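Chains as they are written, first to last, in this note's numbering: chain D, 27 to 309; chain V, 14 to 235. Note that beta-carbon positions come from the ideal geometry of N, C-alpha and C, so glycine has one too. Since we're looking at a predicted model, the values are computed, not measured. So the structure is just underneath, and the comments pick up after that.
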């Protein structure tokens, strides 16, 4: 009996320690890595910098989207930027897991990014980008906020692009409220609304990658539908997929990572208000 | 001889999408016929951001098995949930459960369908091909440990799982569950649970998601 009790106590002590370490993670997260903390810092950044507006001369523009470059090496990323410049893309959108998670990856990524006068780039982070001890600080000081919006103004209409931070598996209550507010109050002023984030929503195959919890999915799908979000563009799963559910097209991109057999990106074209997209793969 | 049973529970909790406290209750009726058991129940949301009262219905059937002297239970279930006015979810699947002294384990699979409700299909002009989406062969699990070998009068246990009665999360979103029970008499069992949910756990970029407390009562008529 004493042995059983001792075993039980040992078990619960171990679990309590695990829980405590989780709480510590969350605590340390609140000083650096929690999604609420990242959201608040992003809002601070936006207050002092305002949102970016891209002005295009015709109602026919394109934007390249990529995710999961996992820098380290930058061969595919360099190629993508060259393609973007060649086709005169309005911007490149980078949907998380841009680094492999090592601290030394951040300066490599920063150096690789084109100057904003030659090509605009919009970044958001993924789980890998948070792996190093100061992952968020490295990202924030070099690239700015993880949740924000930018707009494209064409002669015919304006389109809205929203970046959401799903790097740690959830948007968190504050970012969700911000997103809901944007959809309620700003979305009606725009023709198209495209959301990009790192985590893919649906689980079509069994991999170790996280998706938003089911409770959060219900809320997000409802928001996307009620407010006519046209498209969600994500990475994370490393395998392209696209499905229309309701009135939203949910897209998962192939990774841009060097060495990946399916390395690729997505070309989005908006012409006279219609959205077209192509998955492009490197040979 | 049939052995009827009723049970009920109430959850109170908070999470990243609840916009404040949520409060929900569920009521179940079950009947055992020898080795077989059928159960059905429903859930109502008393306090919920979406103000949607009826939020779930479930039915399951199970059979006790004896494999090499060890007791197992095989359960088939079907669940309908409705957490918003425009969307519903349906899951069905099977679970294989076992309890060996202090250890409890269950493993199974489920097939999930998210679908828009009829009025939403009309309101948002949703095309037929975009009404529903399926996720097949999702893994369900629960691994638990109890302080006592049997649930004689009381017991306390801890488990890691991705399933609850009306919500089955993805296998990559585990939930930590501390639960206890107390039997004040031969017909009644009181139980309590605390569940803690995180997001991003298996991708090593973790964030708090939410928690809830559950208190319940079970009454055996025989």
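Asked                                                                                                                                                                   : Found
Span of the alpha helix (DSSP H) holding residue 244 of chain D?                                                                                                        : 240-252
To which residues does DSSP link residue 179 of chain D through a beta bridge?                                                                                          : D:81, D:184
Report yes or no: do the segment 179-186 of chain D and the segment 204-224 of chain D share at least 3 C-beta pairs separated by less than 8 Å?                        : yes
May I ask you to list the residues that DSSP assigns as paired with residue 174 of chain D?                                                                             : D:189
Here's the rule: buried if 16 or more other CB atoms are within 10 angstroms of the residue's CB, otherwise exposed. What is residue 12 of chain V?                     : Outside the displayed range of chain V (14 to 235) lies residue 12 of chain V, so it cannot be described from this structure.
Where residue 36 of chain V and residue 97 of chain D are concerned, what is the direct C-alpha to C-alpha distance, given to the nearest angstrom?                     : 45 Å
Closest to residue 143 of chain V by C-alpha separation, out of V:183, V:157, V:152, V:126, would be which residue?                                                     : V:126
Can you give me the Cβ contacts of residue 46 of chain V inside the same chain, cut-off strictly under 7 Å, excluding the 5 residues immediately before and after it?   : 15
Which residue marks the beginning of the beta strand (DSSP E) containing residue 297 of chain D, and which one marks its end?                                           : 290-297
Going by beta-carbon coordinates alone, are residue 295 of chain D and residue 253 of chain D separated by less than 7 Å?                                               : no
Do you know offhand how far residue 204 of chain D's Cα is from residue 115 of chain V's?                                                                               : 46 Å
Using Cβ-Cβ distances below 8 Å, what residues of the segment 223-243 of chain D are close to chain V?                                                                  : 228, 229, 230, 232, 234, 235, 236, 237, 238, 239, 240, 241, 242, 243
Using a beta-carbon distance below 7 Å, is residue 218 of chain V in contact with chain D?                                                                              : yes
Residue 88 of chain D and residue 117 of chain D - do their beta-carbons sit closer together than 7 Å?                                                                  : no
Looking only at its own chain, which residues have a Cβ that is under 6 Å from the Cβ of residue 32 of chain V, when we skip the five neighbours before and after it?   : 62
Would you kindly report the start and end of the unbroken beta strand (DSSP E) that includes residue 104 of chain V?                                                    : 100-113
Under 6 Å Cβ to Cβ from residue 215 of chain V, same chain only, skipping five residues before and after it: list those, please.                                        : 185
Residue 167 of chain D: buried (16+ other C-beta within 10 angstroms of its C-beta) or exposed?                                                                         : exposed
Could you say which of D:293, D:275, D:281, D:272 lies nearest to residue 266 of chain D if we only look at CA atoms?                                                   : D:281
Identify whether residue 134 of chain D lies in helix, strand or coil by the three-state DSSP scheme.                                                                   : helix
Restricting to Cα atoms, I'd like to know which of D:273, D:288, D:302, D:70 is closest to residue 172 of chain D.                                                      : D:70
Do you know offhand how far residue 124 of chain V's Cα is from residue 71 of chain V's?                                                                                : 14 Å
Buried or exposed, going by whether 16 or more other CB atoms sit within 10 Å of the CB of residue 236 of chain D?                                                      : buried
Compare the C-beta of residue 185 of chain V against all C-beta atoms of chain D and say whether one is closer than 7 Å.                                                : yes
Is the CB of residue 52 of chain D under 7 Å away from at least one CB in chain V?                                                                                      : For residue 52 of chain D, the predicted structure reports a pLDDT of 43, less than 50, and the residue's modelled location is therefore unreliable. A value from the coordinates is still provided. At least one chain V Cβ lies under 7 Å of residue 52 of chain D.
Please identify the residue among D:100, D:193, D:112, D:271 whose C-alpha is closest to the C-alpha of residue 136 of chain D.                                         : D:100
Using 10 angstroms around the beta-carbon of residue 187 of chain V, count the other beta-carbons present and answer buried if the total reaches 16, otherwise exposed. : buried
Name the residue from D:243, D:188, D:279, D:79 whose alpha carbon lies nearest to the alpha carbon of residue 291 of chain D.                                          : D:279
Spell out whether any CB of chain V is found under 7 Å from the CB atom of residue 164 of chain D.                                                                      : no
Distance, Cα to Cα, residue 153 of chain D vs residue 174 of chain V?                                                                                                   : 23 Å
In this structure, how does DSSP classify residue 153 of chain V when only helix, strand and coil are distinguished?                                                    : strand
Report yes if the C-beta distance between residue 122 of chain D and residue 29 of chain V is below 7 Å; otherwise report no.                                           : no
Using only alpha-carbon positions, find the residue among D:125, D:83, D:62, D:75 that is nearest to residue 284 of chain D.                                            : D:125
How should residue 198 of chain V be labelled, buried or exposed, when 16 other C-beta atoms within 10 angstroms of its C-beta is the threshold for buried?             : exposed
If you count every other CB in all the chains shown that lies within 10 Å of the CB of residue 166 of chain V, and 16 or more means buried, which is it?                : exposed
Could you pull the start and end residues of the alpha helix (DSSP H) that residue 74 of chain D belongs to?                                                            : 61-75
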